[in-house]
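Residue numbers (full-length UniProt numbering): 1 to 555.
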């Protein structure tokens, strides 16, 4: 620190007064400290650090002692602060006149020379680092489980009914073909994510795809994502009530079981990371395999014990007679929507520690789904025949259906909760984009997340129970949105974002051809699926077969 003052001295040579400037420069060996403002102002000299302690005199010899005026100033300021009297209003400042130690207390933080802002920034950096690490632990194996669980659910057990409508051969052909195309479109989605790592969900992809109108794309894709997923979660609440009513034998109102299902979905959606969800996914995967296995084995035994045995079951390789376009396309839509795992792929890949491994999970997930769907649809239809119900669990008899539904309960709730997590990660990340709360690793972060989970689940349950034609609205939303997320939007991404050079060049022609096919499938599903669903809605409303809002149902 440098202390500067002036002192009058007598020059013996010319008997004139001369000003002597004394500078005290001292090296503070302790960590840097800051003088209190009161001391600094009362001393009225500049402060700085220096590697040595020296005294300099200018214009005269200096005897090595600090002038009395400086000593008095330091002593007075240190003991009592600056002038105790307020020059403006003559009021005494009690803090100024009391003896005090002007030097701040040292601790581990101030010893490092950190201010409160610096400490706060360091804390936030630590929260961000820990949060980022927590949300980047997903490997390709767990991702495969998550995508299987998110897509399969009990929808697989609606495929035997679709095979009955379409016939065995068209059903198997469409399942395998659409499954391979879904793998292809997921490849395109993954390539977009790798090329643009900041994309965390489909809304971000919409912003990129719309170019200078990116805000419109972001809002449009985000709204479609949330609307589709909130309705899917609502359908899982209703499916859970159907399962619990069947197990219970119809002795309790379905509204109660629907509310219980919503609560379970809420609890399972609390873990915000897909890495934790993947652990539940293993349970889900075993559960769906067990439920399907019980159904297939039970119906196979029943068919073998029936008159005529397995050969007596009347199944057809081709579509049934008198099938309408609407009926046929609803069956096709059931197969298409079974491969809807691309809707959450951006969110899933955003948590991978090695995103370039994503195709390993897509290949594994895609082939496993194709196998599950094909075997379930073909075997159940072959064992049950034209009397197959949807879901096929109901075709195995009262006792077996209770057992199968009991085993399938984890599927209903875990799969539904994953859809909640996909939607909520988008909403929460959007709400707290520039806040450390987005990492969900502080009390306030957890509180904001849990509140959002509760609100989202309640909305999903209310929509599902309050809208009489909810199942048809879900089909309509799927026709409008899943057809895009899984088929025609990835195709557009290829041409708009990924394709380099001419689309028909030798390097690009195969992917371009596949993208054109995916676009056609998605566009046809969009138009025909929407039309078929609207026709079905009209039929239900005119016949009065739609359920009443918040009414007890037996199924």
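Note that beta-carbon positions come from the ideal geometry of N, C-alpha and C, so glycine has one too. Predicted model only: the values in this text are computed from it and were never measured.
| field | Validate contact between the stretch 503-517 and the stretch 433-448 using beta carbons, cut 8 Å, 3 pairs | value | no
| query | Leaving out the 5 sequence neighbours to the left and right, which residues in its chain are closer than 6 Å to residue 331 when beta-carbon positions are compared? | reply | 162, 165, 166
| request: Report yes if the C-beta distance between residue 245 and residue 418 is below 8 Å; otherwise report no. | output: no
| task | State the beta-bridge partners of residue 138 as determined by DSSP. | result | 352
| Short check: CB of residue 160 to CB of residue 366, under 8 Å? | no
| message | Tell me the DSSP secondary structure of residue 390 in three-state form. | response | coil
| Beta-carbon proximity check, residue 422 vs residue 484, cutoff 8 Å | Cβ atoms of residue 422 and residue 484: not closer than 8 Å.
| query | Since residue 228 and residue 478 are thought to touch, with beta carbons under 8 Å apart, how far apart are those beta carbons, to the nearest angstrom? | reply | 7 Å
| field | Start and end residues, alpha helix (DSSP H) containing residue 250 | value | No alpha helix (DSSP H) holds residue 250; DSSP gives it neither H nor E.
| message | Using only the alpha-carbon positions, how far apart do residue 320 and residue 380 sit? | response | 17 Å
| query | Hey, how far is the Cα of residue 116 from the Cα of residue 124? | reply | Note that residue 116 has pLDDT 48, beneath the 50 cutoff, so the model's placement of it is unreliable and the number below is only indicative. Answer to the nearest angstrom: the Cα atoms are 12 Å apart.
| Less than 8 Å separating the beta-carbons of residue 373 and residue 175? | Yes, the Cβ-Cβ distance between residue 373 and residue 175 is below 8 Å.
| task | Taking only runs that begin and end inside the stretch 160-247, name each unbroken alpha helix (DSSP H) of 4 or more residues, in chain order. | result | 168-195, 202-209
| Under three-state DSSP, which class holds residue 295? | helix
| query | Which same chain residues, not among the five before or five after residue 317, have their C-beta less than 8 Å away from its C-beta? | reply | For residue 317, the CB contacts under 8 Å within the same chain, skipping 5 residues up- and downstream, are 167, 168, 169 in chain order.
| request: Go through its chain and collect everything with a Cβ distance to residue 190's Cβ below 6 Å, but skip five positions before and after it. | output: Cβ neighbours of residue 190 beyond the five flanking positions: 358.
| said: Please identify the residue among 242, 237, 205, 214 whose C-alpha is closest to the C-alpha of residue 225. | reply: Considering only 242, 237, 205, 214, the residue with the shortest C-alpha distance to residue 225 is 205.
| message | Using the Cβ count rule (16 or more neighbours within 10 Å means buried), how would you classify residue 213? | response | exposed
| Alpha carbon to alpha carbon, how far is residue 363 from residue 412? | 24 Å
| said: Using a Cβ distance threshold of 8 Å, determine whether the stretch 486-506 contacts the stretch 535-545, with at least three qualifying pairs required. | reply: No, the stretch 486-506 is not in contact with the stretch 535-545.
| field | Beta-carbon proximity check, residue 238 vs residue 391, cutoff 8 Å | value | no
| request: Inspect the CB distances between the stretch 443-461 and the stretch 267-284 and report whether three or more fall short of 8 Å. | output: Yes, the stretch 443-461 touches the stretch 267-284.
| Cα separation between residue 494 and residue 460? | 33 Å
| task | Check each candidate in 207, 234, 232 and name the one with the smallest Cα separation from residue 222. | result | 207
| Between the Cα of residue 445 and the Cα atoms of 464, 425, 462, which residue gives the shortest distance? | 425
| query | What's the call for residue 261, buried or exposed, on a 16-neighbour Cβ count within 10 Å? | reply | Counting the other Cβ atoms within 10 Å of the Cβ of residue 261 gives 16 or more, which makes it buried.
| field | Proximity to residue 152 [Cα-Cα], best of 525, 480, 550, 408 | value | Of the candidates 525, 480, 550, 408, the one whose C-alpha sits nearest the C-alpha of residue 152 is 408.
| said: Using only the alpha-carbon positions, how far apart do residue 264 and residue 280 sit? | reply: 13 Å
| query | What number of angstroms, rounded off, separates the C-alpha of residue 549 from the C-alpha of residue 466? | reply | 4 Å
| 8 Å CB neighbourhood of residue 294 in its chain, flanking five on each side removed | 396, 400, 403, 404, 407
| request: Please classify residue 468: does DSSP put it in a helix, a strand, or coil? | output: coil
| field | Cβ-based burial, residue 441 [other Cβ within 10 Å; buried from 16] | value | So residue 441 counts as buried.
| message | Please report the distance separating the alpha-carbon of residue 528 from that of residue 324. | response | 13 Å
| DSSP-derived helix/strand/coil call for residue 519 | If DSSP states are grouped into helix, strand and coil, residue 519 belongs with the helices.
| said: If you measure between the beta carbons of residue 573 and residue 183, is that distance less than 8 Å? | reply: Outside the displayed span of the chain (1 to 555) sits residue 573, for which this structure offers no information.
| Count the other CB atoms within 10 Å of the CB of residue 356; is the residue buried (16 or more) or exposed (fewer)? | exposed
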